[in-house]
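Working notes, beginning with the structure itself.
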Amino acid sequence: MNLLPAQTLLEALAVRDLTDPDQGPHALQLLLDDVLNALITAWNCDLDLRRRHPLVAVEDNYDRLGYSPDDITRDARYSRYVGETVMLRSHTSAGVPPTLRSLENPVDVLLVLPGMVYRRDSIDRTHVGTPHQVDLWRVTSNRHTGERDLQQMIALLVDAVLPGADWRALPASHPYTQNGLQIDVRTAAGWMEVAECGLIAGHVLSGAGHDPAEVSGLALGLGLDRALMLRKGLDDIRLLRSENPKIAAQMLDLSPWRPVSVHPVIRRDLSIVTDGDVDAELLGDSVRSALGAASADLESVSVIASTPHEALPRAVQERLGTQPGQVNVLLRLELRPLNKTLTDAGANALRDRVYAAVHRGPVLEWAARTGPDRPHSAGQGGRGGRVPRSACP
1 MNLLPAQTLL EALAVRDLTD PDQGPHALQL LLDDVLNALI TAWNCDLDLR
51 RRHPLVAVED NYDRLGYSPD DITRDARYSR YVGETVMLRS HTSAGVPPTL
101 RSLENPVDVL LVLPGMVYRR DSIDRTHVGT PHQVDLWRVT SNRHTGERDL
151 QQMIALLVDA VLPGADWRAL PASHPYTQNG LQIDVRTAAG WMEVAECGLI
201 AGHVLSGAGH DPAEVSGLAL GLGLDRALML RKGLDDIRLL RSENPKIAAQ
251 MLDLSPWRPV SVHPVIRRDL SIVTDGDVDA ELLGDSVRSA LGAASADLES
301 VSVIASTPHE ALPRAVQERL GTQPGQVNVL LRLELRPLNK TLTDAGANAL
351 RDRVYAAVHR GPVLEWAART GPDRPHSAGQ GGRGGRVPRS ACP
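Reminder that position 19 of the sequence shown reads as 19 in the UniProt record's numbering, one-by-one numbering, no gaps.
Here you go:
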């Protein structure tokens with residue numbers, strides 16, 4: 001099993017949870033308050049908010065929610081394991097099984113589990129490796145919840161997040177729900193998913209010690225970052241954590257976003273050699289690990305072209321040193337720091353750090369005069385100052 005390095009774990013745990021008032025105020029908290037007030041007012045039920053530690057049992061994250069042993073999401077490429085039985089949660093739903101186990105005689109209660117989750121994700125203006133979620137589970141023994149209750153919950157949620165917005169609910173499958181649904185809202189750019197929900201599956205209740213014949217409920221998971229971006233009209237998820245005073249001040253309320261002058265984007269194209277097809281999520285995770293805090297300067301990483309070794313002209317194979325099974329990939333980095341001006345030298349340095357992290361060929365081509373140390377063996381030295389040429393069409 002590929003375990004998370006200790007330093008990477010410490011860095012992940014040090015990231016501020018924007019949903020936690022104890023770590024400072026943020027608009028995410030106001031949005032969550034609006035949602036909770038709408039549900040509690042309509043249902044007149046009890047509220048039970050739990051802030052659980054991000055290190056969770058693998059059983060709670062997967063097994064007790066009904067994930068199959070061979071589910072692809074369990075793969076170490078996508079989940080952040082810190083031990084054989086412990087991991088950084090991949091969703092706030094990991095807190096549901098232990099919370100249900102501790103719940104005695106639930107007459108009518110709304111369980112609220114907010115926080116950050118930890119994923120290997122692509123890098124663009126709407127994704128980060130540590131998004132915020134909240135699980136909202138209504139658990140009751142004084143009535144049997146059904147489809148009508150679920151539709152009411154969706155309507156209340158959407159109106160609290162985006163008052164007046166059109167929404168639709170499409171069938172979706174989750175291992176911990178019955179009659180699962182995906183909730184989309186209509187935006188200027190088209191339909192966008194904001195949440196998933198369903199009736200609580202009987203096996204989840206019985207596994208926590210509750211009789212499904214006596215206890216029922218609703219389960220809903222909301223992506224808070226995307227919800228806030230839609231509410232305020234934000235187009236870049238990095239704005240939520242910006243330390244720029246003009247931006248940070250706007251992250252303290254739910255008023256519409258007032259654009260702040262930003263620096264122009266700087267692009268760098270990299271011709272790299274990989275050991276197989278590029279996976280956007282794994283690529284994003286490798287780049288974040290390589291750049292650390294500087295990854296906040298990256299607006300996006302995208303694959304422009306990809307050519308397998310076998311399709312490359314012989315001269316190009318020899319120049320790049322590719323081997324059968326390898327792929328020549330043209331990556332485009334778009335750099336735009338939110339809080340500072342990035343010089344060409346600074347952009348080249350970031351480019352070279354990304355290159356060192358993802359390039360697997362024997363020939364090195366650095367943009368800066370001296371490239372960083374490679375994390376793996378290489379046959380030839382770098383070529384200072386050269387911008388790499390791509391063999392991709």
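Note that CB positions come from ideal geometry on N, CA and C, so glycine has one too.
- One thing to note: T187 has its Cβ no nearer than 9 Å to the Cβ of C45.
- Contact between H26 and G221 is absent: CB atoms are separated by about 20 Å, not below the 8 Å threshold.
- DSSP places I272 in the uninterrupted beta strand (DSSP E) bounded by I266 to T274.
- C-alpha of I304 to C-alpha of A368: approximately 22 Å in a straight line.
- For W191, the number of other beta carbons within 10 angstroms of its own is below 16, and it is reported as exposed.
- The residue among I183, Q323, V15 and L39 with its C-alpha nearest the C-alpha of V112 is L39.
- By DSSP's assignment, N328 forms a beta bridge with V273 and T307.
- With a threshold of 16 other beta carbon atoms within 10 Å, M1 falls short and is exposed.
- Counting C-beta pairs closer than 8 Å gives fewer than three between the segment 99-111 and the segment 67-83, which falls short of the contact rule.
- In chain order, A12, P54, R80, L88, R89, S90, G129 and T130 place their CB closer than 8 Å to the CB of Y118, counting only its own chain and leaving out the 5 sequence neighbours on each side.
- DSSP lists L88 as the beta-bridge partner residues of R80.
- Closest by C-alpha distance to E214, out of G198, G202 and S173, is G202.
- Three or more beta-carbon pairs separated by less than 8 Å link the segment 320-335 to the segment 266-274, which places the two stretches in contact.
- By the criterion of a C-beta distance shorter than 7 Å, P175 is surrounded in its chain by L65, G66 and Y67, once the five residues flanking it on both sides are discounted.
- In the DSSP annotation of this structure, the continuous segment of the alpha helix (DSSP H) that includes R314 starts and ends at R314 to L320.
- Contact between G207 and G180 is absent: CB atoms are separated by about 18 Å, not below the 8 Å threshold.
- In this structure, DSSP gives M116 an extended state, which the three-state scheme calls strand.
- At the C-beta level, P337 and D297 come within 9 Å of one another.
- Here the C-alpha atom of A294 lies approximately 19 Å from the C-alpha atom of W366.
- Of the candidates R319, G223 and E334, R319 places its Cα closest to the Cα of L364.
- Only residues of its own chain outside the window of five on either side were considered, and among them Q23, G24 and R241 have a CB closer than 8 Å to the CB of R16, listed in chain order.
- Closest option to R52, judged by alpha-carbon separation, among R238, L36, D20 and A42: D20.
- Nearest to D149 by alpha-carbon distance, out of P212, G346, G361 and W43, is W43.
- One Cα belongs to D225, the other to L36, and the distance between them is close to 16 Å.
- DSSP places D34 inside the alpha helix (DSSP H), whose first and last residues are A27 to W43.
- The alpha-carbon separation between L30 and Q317 amounts to approximately 56 Å.
- Nearest in C-alpha terms to W167, of all of L157, T341, M153 and V185, is V185.
- Here G292 is exposed, its C-beta having fewer than 16 other C-beta atoms within 10 Å.
- When L110, H210 and K340 are compared, the shortest CA-CA separation from T41 is found for L110.
- Taking C-beta atoms as the reference points, S93 and A195 fail to come closer than 9 Å.
- In the structure shown, R258 adopts coil according to DSSP, grouped into three states.
- Within the same chain, and ignoring the five residues on either side of P212 in sequence, the residues whose Cβ sits closer than 7 Å to its Cβ are G202, L205 and S206.
- The Cβ-Cβ distance between S255 and T145 does not fall below 9 Å.
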